[in-house]
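J.:
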Amino acid sequence: MVEINFLVWRFPQISLVLVILGSAAFGAIFVFLLGLVKQLKMSRAIWELKSQNKKLNEALARLEQPATAAGEPERKPEA
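Taking the working numbering, the leading residue of the sequence shown gets 99, the next gets one more, and so forth.
(1) Report, in whole angstroms, the separation of the C-beta atoms of V100 and I112, which I expect to be a contact under 8 angstroms.
(2) According to DSSP, simplified to helix, strand and coil, what is E176?
(3) DSSP three-state call for V100: helix, strand or coil?
(4) What number of angstroms, rounded off, separates the C-alpha of F128 from the C-alpha of E162?
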């Protein structure tokens with residue numbers, strides 16, 4: 099049994115096992131929430147990049163269209 103004084107709260111005679119398990123659970127929840135925020139930011143960035151990629155591919159197709167209509171051979175993108 100241990101006594102906990104945290105900021106303005108006081109927990110007299112609480113089991114050390116409960117303190118350890120509570121701390122581990124709090125840490126796990128905190129890490130999970132940080133990971134979730136990072137995952138949401140990355141998902142949004144991926145969505146925006148896919149949208150931008152689609153727009154650029156459509157613009158490229160429009161620019162290549164007159165060249166093929168005039169009888170010129172279609173240019174292959176260089177790797």
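Positions of the beta carbon are idealized from the N, C-alpha and C atoms, including for glycine. Remember, predicted model here, so these are calculated numbers, not experimental data.
T.: With the structure as the only source:
(1) So it is a contact: roughly 6 angstroms between Cβ atoms.
(2) Note: E176 maps to coil in three-state DSSP.
(3) Note: V100 maps to strand in three-state DSSP.
(4) If you take the alpha carbons of F128 and E162, they lie about 51 angstroms apart.
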